[in-house]
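**Q** In our numbering, the protein residues as written are 173 to 357. Don't be surprised by glycine CBs; every beta carbon is placed ideally from N, CA and C. All figures in this text were calculated on a predicted structure; none of them were measured in a lab. Could you have a look at this structure, given as C-alpha cells, before my questions?
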C-alpha cells in the first residue's frame with residue numbers, strides 16, 4: 173500500500189512507541205496514574221485473564237490468524253495475550269500512558285487514534301475493539317473509519333459491556349457512556 177509508519181508518526185526509541193504527528197499526549201479517558209493502576213489490576217485479575225482466554229478462543233474458532241490491529245488497546249493487556257497465543261497484534265492507543273504501557277508489555281504500539289494513522293482503504297484484515305465503544309460519545313466516526321480500513325472479507329472483533337439494567341457507579345467511574353444489548357449493538 174506504500175504506507176509506512178514514518179509517514180504519519182515518529183519512532184520514540186526511548187519509549188518504544190510510534191508517536192503520531194500532532195498527537196495530544198493527554199487525550200484519554202484516564203490519566204497516567206489511572207492507567208498504571210489499571211495495568212496492575214488487569215495483571216492480577218481472574219476475570220481479565222479468563223476474559224482474554226474467551227476472546228482468544230472466539231478469535232481462534234473464527235479462523236482469524238493474520239495481524240490484529242487492536243484499536244483502543246489501552247495498556248496492551250489483551251494484545252500481549254493474543255501475541256503470546258501466536259496472533260501478531262499491533263496496539264493503537266490515543267493515550268500516551270496507555271501506549272507506553274503496551275510497549276512495556278511487548279506490544280508494537282502506536283500512540284494515535286486509528287484516524288491519525290491515515291491508513292489506505294481496505295488495508296486491514298482484522299481489527300479488534302475490546303471494550304472501546306462504550307467510552308466514546310461519537311462511535312459512528314470510529315466505526316466508519318474501521319469499515320473503510322477493513323478488507324472486503326475483513327473481521328471486526330468487538331466486546332462491549334452488556335445490559336443497561338447492570339448500569340452502576342462502576343460504569344460512571346470507568347467513563348462509560350452506555351451499555352449494550354443484542355438489539356442496540
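(1) Tell me whether residue 277 is buried or exposed, calling it buried when 16 or more other Cβ atoms sit within 10 Å of its Cβ.
(2) Taking the DSSP output, what are the residues bridged to residue 261?
(3) In the DSSP assignment, find the unbroken beta strand (DSSP E) run with residue 287 in it and report its ends.
(4) Does DSSP classify residue 302 as helix, strand or coil?
(5) Does the structure place the region 230 to 247 close enough to the region 260 to 267 that three or more beta carbon pairs sit under 8 Å?
(6) Count the other C-beta atoms from every protein chain shown that fall within 10 angstroms of the C-beta of residue 224, then say buried if there are 16 or more, exposed otherwise.
**A** Let me lay it out:
(1) buried
(2) 240
(3) For residue 287, no beta strand (DSSP E) encloses it, and the DSSP letter there is neither H nor E.
(4) strand
(5) yes
(6) buried
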